[in-house]
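**Student:** Sharing a structure, written as structure tokens. Questions coming.
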Amino acid sequence: MPRYFFDLHIDGKAQRDDTGVILETMAEVRRAAQKLLPAIGYEEIPADGDRMSIVVFVTDMDSRPVYSATLSYSGLSLLR
Numbered sequence: 006m007p008r009y010f011f012d013l014h015i016d017g018k019a020q021r022d023d024t025g026v027i028l029e030t031m032a033e034v035r036r037a038a039q040k041l042l043p044a045i046g047y048e049e050i051p052a053d054g055d056r057m058s059i060v061v062f063v064t065d066m067d068s069r070p071v072y073s074a075t076l077s078y079s080g081l082s083l084l085r
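Going by this note's numbering, the sequence shown opens with residue 6, and the numbers climb by one from there.
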């Protein structure tokens, strides 16, 4: 079965996935990325800022890119 690696890029800082996950289909790869983004976002939303971007970049066992997804956070104070 194929192994896929879910590298994270949080505000330009890369975190390499050296373990990977065994998944059978691209639909499973897509769903895993969809679940990962909000989970990471919940933990990483900045306490001292109003903007953040998280990218999950999925590669296969041969380091070929197979999927990418981005979650962006933007906060704006409405009180003046």
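Just so you know, even glycine gets a beta-carbon here, dropped at the ideal spot from N, CA and C. No experiment lies behind these values; they were computed from the predicted model shown.
Determine the extent of the beta strand (DSSP E) in which R35 is found, giving its start and end residues.
**Tutor:** No beta strand (DSSP E) holds R35; the alpha helix (DSSP H) holding it covers 31 to 49.
**Student:** Run through the segment 60 to 85 for me and flag every whole beta strand (DSSP E) of 3 or more residues, listed as ranges in chain order.
**Tutor:** Fully enclosed beta strand (DSSP E) runs of 3 or longer: 70 to 79.
**Student:** What's the C-alpha gap between L84 and I27?
**Tutor:** Roughly 48 Å separates the two Cα atoms.
**Student:** May I ask you to list the residues that DSSP assigns as paired with M57?
**Tutor:** DSSP output for M57 lists Y78 as bridge partner(s).
**Student:** Counting only the same chain and skipping the five closest in sequence on each side, list residues whose C-beta sits under 8 Å from that of D12.
**Tutor:** Only A19, Q20, R21, D22, V61, F62, V63, T64 meet the Cβ criterion.
**Student:** Which residue from E33, V71, R36, S79 puts its Cα closest to that of G46?
**Tutor:** Nearest option by C-alpha distance: S79.
**Student:** Does D23 come out as helix, strand or coil in the three-state DSSP assignment?
**Tutor:** The answer is coil: DSSP assigns D23 none of H, G, I, E or B.
**Student:** Given a cut-off of 7 Å on the beta-carbon distance, is the pair I3 and L81 in contact?
**Tutor:** Examination of residue 3 is not possible in this model, given that the chain is present from 6 through 85 alone.
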